[in-house]
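> Using the UniProt record's numbering, read the sequence shown as starting at 1 and increasing by one per residue.
We treat Cβ as the ideally placed atom computed from N, Cα and C, and that holds for glycine.
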Amino acid sequence: MGNTDEQQDEMLVLQSIYDSTVLTVEESEGFHCGTFLAQPTLPTPFTVIVPKLSNDGTYGNGKQEISLEHLPPICLKFELPKSYPSDSPPKFCLSCTWLTMQQLGILCKALDRLWHQDPYSVVLYRWMDFLQNEALCELRIEQRHSLGPLLLYLSKKKHYSARHASQPRLRLKQCLKYPGDAHYDDRAFKEQLDPSLLLCSLTDYNSKKKQDVFQQQWLHCQVCMNEKLGSQFLVFFGCNHYFCKECMSSFFRIQIESGSASFLRCPQEGCTSQASPPQVKELVGEALCNKYEAMLLSTYLDTLADLTYCPRLHCQCPVVLDPDLTLAECPSCHFVFCIYCKMVYHGVEPCRLKPDERREIRDRYVAATGTEKLEMERRYGKRTLQLLVVESLSQDWMNENSKKCPHCNVSIEKQDGCNKMTCWRCGTHFCWLCVTTLKSISNPYQHFNDPASPCFNKLFHGVEGLEEIDDVHDIGEFL
């Protein structure tokens, strides 16, 4: 079999083993050439050690350790000469963002060694398998890898320009050389890279690769209990909990339509991670996502002390407050309102408050410190607050010690006597205990003599000094 046939067979075998995302092959000017991206198998756990950059741009003694599950591939570019495999090995070059030139040179020599172990035989598969499964062992990289030497090299060569032309084919032809006697192996090639971007490129690649691996796995949804591909799952950032998109879509739609935008959180019990706007848009569509973003904006605006909303229900436009004024004007409908009670602006007239609001303000004023009282007096007026305290305390006393006439609703205080009361205003007879009108004018005491009445035999119930009266006495004895 000739070299051409062996090369074609080797290319067919390699393309059947590796997919197009890992191996690309082309034929140009009669030569077979291609690129193989070797994804090294990392031990678990695997830590990258990065020296910290000083203010003067140099790397000091401090260091940062980052755990990674995936590293960018080692790139093998190859070209098969006419004499391969009968007389010579493939021409190749190696590049990798996280290896030094010396380390790439070690791998180049390892590939040479593999060729010499079985010369004049096809060798590309053994090279590719070596780069994937044995490269780290060859470089004596175990569970920790320091980027210090590489960063020092890149920082010194920050303005280093590539040795090869920018055109892909020309660069490949110039780069594919046999070993030379230079300080670095001529087949070790590094792209020009800013050292400050190296760490970002590694972490970005790790995140993307983890996502790719996740999407190809079969996973179990904790909501619907179904098993689906990872590409059909939503992963919450921060906590990494995942649930199927179908369940999360229904969950998000219900929350947004009910106005609970702050609850687009991870369903895992006790977890507070929140879905990002792009994730929400993917699952609920643009219309509901716009509503969600409007709700988030409204929630944020509510936290601003110098902003309120127009009190008109049909408007609700945000209104910026002037700290020196007690009025505000809506820029949309031009409604002028009091910033405190949200009613139409009433000048120096005190705000009209509901009973519950008056009681709450009174309690705050009574319990306030000196500074807090001055602030409340500036807002409500000192005289208004003093009257509010007096009126509120009086109202509390009346609520506790008096009852309303069931006919005219006037307040009545009971100081002494039996539980049959007569209103001082309208003359209505009523029971003090149950506040029921005594309908029998001729005998209003019948209410206390009726066994079916809740106040049976309770005419003097609660009257001091008369609790020991014998209940068997006829009520007429006290008339």
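Suppose you measure from the CA of Tyr-178 to the CA of Gln-268; what does that come to, to the nearest Å?
Residue placement at Tyr-178 is poorly supported in this model, since its pLDDT is 37, which falls under 50; the coordinates still yield a value, given next. So the alpha carbons of these two residues sit roughly 58 Å apart.
> Within its chain, find whatever has a CB closer than 8 Å to the CB of Leu-327; leave out the 5 residues flanking it on each side and keep chain order.
Cβ neighbours of Leu-327 beyond the five flanking positions: Val-336, Phe-337, Cys-338, Ile-339, Tyr-345.
> For the candidate residues His-447, Lys-420, Gly-427, whose alpha-carbon lies nearest to that of Gly-462?
Nearest of His-447, Lys-420, Gly-427 to Gly-462, Cα basis: Lys-420.
> For Asp-185, does the count of other Cβ atoms within 10 angstroms reach 16, so buried, or fall short, so exposed?
Under this definition Asp-185 is a buried residue.
> If we cut at 8 Å on Cβ distances, does Val-336 have a partner in chain D?
The chain labelled as chain D is not found in the depicted structure, where only one protein chain is given.
> Along the beta strand (DSSP E) that carries Val-319, what are the first and last residues, could you check?
Segment 318-320, the beta strand (DSSP E) holding Val-319.
> Could you tell me which of Pro-73, Gly-370, Glu-134 sits nearest to Ser-95, measuring between CA atoms?
Measuring from the Cα of Ser-95, the nearest candidate turns out to be Pro-73.
> What separation, rounded to the nearest whole angstrom, lies between the Cα atoms of Lys-210 and Arg-379?
If I take the Cα positions, the gap works out to 58 Å.
> Identify, in the order they occur along the chain, each residue of the same chain with its Cβ nearer than 7 Å to the Cβ of Leu-23, setting aside the five sequence neighbours on each side.
Taken in chain order, the residues that qualify are Leu-14, Gln-15, Gly-34, Phe-36.
> Buried or exposed: where does Arg-113 fall if 16 or more other Cβ atoms within 10 Å of its Cβ makes it buried?
The residue in question, Arg-113, is exposed, as its Cβ has fewer than 16 Cβ neighbours within 10 Å.
> Please report the residue range of the beta strand (DSSP E) in which Trp-115 lies.
Run containing Trp-115: none in the beta strand (DSSP E); it sits in the alpha helix (DSSP H), 101-117.
> What are the partner residues of Arg-265, as DSSP defines its beta bridges?
DSSP output for Arg-265 lists Gln-274 as bridge partner(s).
> Contact between the region 206-225 and the region 63-78 is defined here as three or more beta-carbon pairs at a separation below 8 Å; is this criterion met?
Short answer: they touch.
> Under three-state DSSP, which class holds Trp-127?
Of the three classes helix, strand and coil, the one that applies to Trp-127 here is helix, per DSSP.
> State whether the region 305-313 contacts the region 283-291, with contact taken as three or more CB pairs (one from each stretch) at a distance under 8 Å.
Contact between the region 305-313 and the region 283-291 is absent, because fewer than three Cβ pairs lie under 8 Å.
> Is it true that the region 388-404 meets the region 367-379, where meeting means three or more beta-carbon pairs spaced less than 8 Å apart?
The region 388-404, when compared against the region 367-379, does not touch it at the 8 Å Cβ threshold.
> Hey, how far is the Cα of Leu-104 from the Cα of Leu-151?
So the two alpha carbons sit approximately 15 Å from each other.
> Alpha carbon to alpha carbon, what distance is there between Tyr-18 and Glu-191?
Cα-Cα distance, rounded: 25 Å.
> Which value, in whole angstroms, describes the spacing of the CA atoms of Met-11 and Leu-229?
Approximately 32 Å, taken between the alpha carbons.
> Restricting to Cα atoms, I'd like to know which of Leu-388, Leu-111, Asn-449 is closest to Arg-187.
The candidate whose alpha carbon is nearest that of Arg-187 is Leu-111.
> Please classify Arg-362 as buried or exposed, where buried requires at least 16 other C-beta atoms within 10 Å of its C-beta.
The residue in question, Arg-362, is buried, as its Cβ has 16 or more Cβ neighbours within 10 Å.
> Quick one: what does DSSP say Ile-49 is sitting in, helix, strand or coil?
The answer is strand: DSSP assigns Ile-49 an E or B state.
> Can you list, in chain order, the residues of its chain with a C-beta nearer than 8 Å to that of Trp-218? Leave out the 5 residues immediately preceding and following it.
Glu-227, Lys-228, Leu-229, Gly-230, listed in sequence order.
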